[in-house]
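Visitor:
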Amino acid sequence: MKRSVFFQPGDGWVGDLIPFEKDGEFWLFYLHDVRTDPKPGTSWNLVTTKDLTQFEYHGVALPHGSEDDADFNAYTGSVVVDDDGTHHLFYTGQNPGNLGADGAPLQLVMHATSGDGMRSWTKHLEHTFGAPEGYESGDWRDPFVFRDEAKSQWRMLIAARHATGPDRRRGVIAQCVSTDLVTWHYTEPFWDPRRYITHECPEVFPWGEWWYMVYSEFSETFTTRYRMAKSPDGPWTVPELDSIDGRAFYASKSAGRDDRRFFFGWIASKEGNRDDGAWQWAGTMSVLEARQNPDGTLGFGFADELVDSFWEDVPTSLSTQIPASLDVPDSYAAIVSDVELPNQFYAKAVFDIAPNTTECGLLLRANHDGDESYVLRLEPKRNRLVFDRWPREVTGDAQWHVSGDVPYDVELERPCQLAPGEHTLEVIVDGDLCVAVVDRQVALSARIYDRPTGRIGVFAGEGSAVVTEFEVRQRTEN
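Per our numbering: the sequence shown = residues 145 to 622.
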C-alpha cells in the first residue's frame, strides 16, 4: 500500500500547525479536531518527520483541560527553548462556558514547560493572562514567542482585536515582552494595520538580510500572507505576490533547517466530501518549501525530497508525443492520455507559451476527450493560475442549469507571472487532495472529491503553447 503524501490521523483532522525543529527533525504539533457532537475539548497532538515524506504519529502531546478548566480547548501557540534547555510552550486556553466581558468565550494565554525534551509538559496555570483594557477579551490568541537578541528580551505576538472601531477592521497583532518567559508586560502593538477581522497565527523569523512576518488573514478570503522588513520592528512592506497559497491552505506556520524554510498548514476538507461542499475548519496537513528570491521575496513549491519520492515512471501515450504543439489561434485543443492514472501521482509539464495566448494547462481525472475533468489553467493575459472543473453542479433539466456563470472556482486562483516563454506546472494528486505549483514560485491547493478517477491531458485555447517536457511518476508499493 502506498503511503500518503499528506498526513492525517485516523481518529481526527489536522488543525493549526505549530512546527518546531529539533536536532534536524521537525516536531509538528497541531490542533487535533474531532467532529463529534457534542465536541470534545481540543488537544495538541504531535507528528514528527525527518525527511518530509514519512511521518510518525505520537498522539496527544498537550492534553486539553476538563469541562471546568480554562483550557478545555487548548488552541494555537508556539514553542521556544531557553538557555537552560527548558522548552516553553505557550498556548491559547478557551472554554465555551467561560465568557469574557464582551460575551464571547474568554481567550487566555497559558504556559507549560518541559524538562525532558518535550516528551511531557507541566502546565503553569498561575502564569495565565488575558487581554488588557482596549482589546476584546474574546480575541486574545495564538501567542507566538521569539527572542529579540538586539533588545535582550522575549517578545510575544498575539492575534487580537481592538475593542472599538469598524467591526471588520479591528484586527491587530498585539505584543507583550518578557525577560524570563514567566512575567509578561503589555506593550505597543507589533502590527496595527486596521484591516481584517483579525490576523491569526502570527509569526516572525529572520532569513538572511530580511525579516518576515506571516499571518493568516481572518476575512472573506481566509488566506495566509507574509510581509517583509529589514528588522522585526518594520516598517513592513507588501510583496507583489504576498500569499502562501489559496483559500484551501490555511493557518500555515514555518520552521527552518539548514538555511531552508518549510511552511506547514492544513488543506481544508469540504462538507459532505463533495466539490460543491462548504469549506470546513481543519483538514489534512500539507508542506510547502519557501525559496528566497534575490530580491528577498518568497516563492513556494514542493520540497525536493517530496518530488524525489515519486520515482517510478507512469507510461502514458502523451509522454511519447513530446514536444507537443497546441497551435490554436482562435480555438481550443486538448491531448488526453490513453490510460487512467493511479490514485496518487506526481506530474510535471513545461509549456512554452507564445505571446497573446489566452490559456493553457493540465486536465486531471479527465474523460476520454477531456471535456469532463478538473482543470489547472494558466491564464497569461490575467497573470494567474486558476482551478476549474466540469461538469459543475446541475441545478435543473435544461442545458443552462448549472451552478452559476463562473469562469473557475472563484476561491481557487493565484496570481503569478506568466510572460511569454517556458513555464513549469507541477502537480501532486493523492486521493481527494491536489496541490499545483507554477515555476516553484506559486502554489495552489484544492480538494477533488467528485471525480475519483480519470486520465491526464494538456490543452491550450486562443493562442499557442508547446509542451516541451512532460512526465508522470508514482511511488512504488511498500
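Beta carbons are placed, not taken as given, at the ideal position from N, Cα and C, and that holds for glycine.
1. If I follow the unbroken beta strand (DSSP E) through residue 175, where does it start and stop?
2. Across which residues does DSSP place residue 217 in a beta bridge pair?
3. Could you give the DSSP three-state label for residue 268: helix, strand or coil?
4. DSSP state of residue 474, grouped into three classes?
5. Between which two residues does the beta strand (DSSP E) carrying residue 523 extend?
6. Roughly how many whole angstroms lie between the Cα atoms of residue 274 and residue 352?
7. How many Å lie between residue 527 and residue 446 at the Cα?
8. Sort 226, 197, 184 and 193 by Cα distance to residue 207 and report the nearest one.
9. Whose C-beta lies closer than 8 angstroms to the C-beta of residue 169 among residues of the same chain, with five residues either side of it excluded?
10. Return helix, strand or coil for residue 528, following the three-state DSSP convention.
11. Shortest alpha-carbon distance to residue 284 belongs to which of 236, 155, 199 and 270?
12. Consult DSSP for residue 437 and reduce its assignment to one of helix, strand or coil.
13. Assign residue 464 to one of three DSSP states: helix, strand, or coil.
14. Assign residue 113 to one of three DSSP states: helix, strand, or coil.
15. In terms of alpha-carbon separation, which member of 573, 503, 533 and 613 lies closest to residue 564?
16. Does the Cβ-Cβ distance between residue 288 and residue 332 come in under 9 angstroms?
17. What's the C-alpha gap between residue 515 and residue 480?
18. Spell out the partners DSSP gives residue 483 in its beta bridges.
19. How big is the Cα-Cα spacing for residue 260 and residue 521?
20. If you compare alpha carbons, which of 354, 311 and 392 is closest to residue 591?
21. To the nearest angstrom, how far is it from the Cα of residue 262 to the Cα of residue 469?
22. Considering only DSSP beta bridges, list what residue 430 is partnered with.
23. Go ahead and pull the three-state DSSP assignment for residue 450.
24. Compute the distance between the beta-carbons of residue 286 and residue 219, then report whether it is under 9 angstroms.
25. Determine the burial state of residue 576: buried for a count of at least 16 other Cβ atoms within 10 Å of its Cβ, exposed for fewer.
Guide: The relevant details are as follows:
1. 169-177
2. 238
3. Residue 268 carries a coil assignment under DSSP once its states are collapsed to helix, strand and coil.
4. Residue 474 falls in the strand class under three-state DSSP.
5. 517-523
6. 35 angstroms
7. 21 angstroms
8. 184
9. Cβ neighbours of residue 169 beyond the five flanking positions: 192, 193 and 194.
10. strand
11. 236
12. coil
13. helix
14. There is no way to answer for residue 113, as the model of the chain reaches only from 145 to 622.
15. Selected option, being the one with the closest Cα: 503.
16. No; because the gap between Cβ atoms is not below 9 angstroms, this pair is not in contact.
17. 10 angstroms
18. Bridge partners of residue 483: none, in fact.
19. 50 angstroms
20. Cα-wise, what sits closest to residue 591 is 392.
21. 56 angstroms
22. BP columns for residue 430 point to 409.
23. helix
24. yes
25. buried
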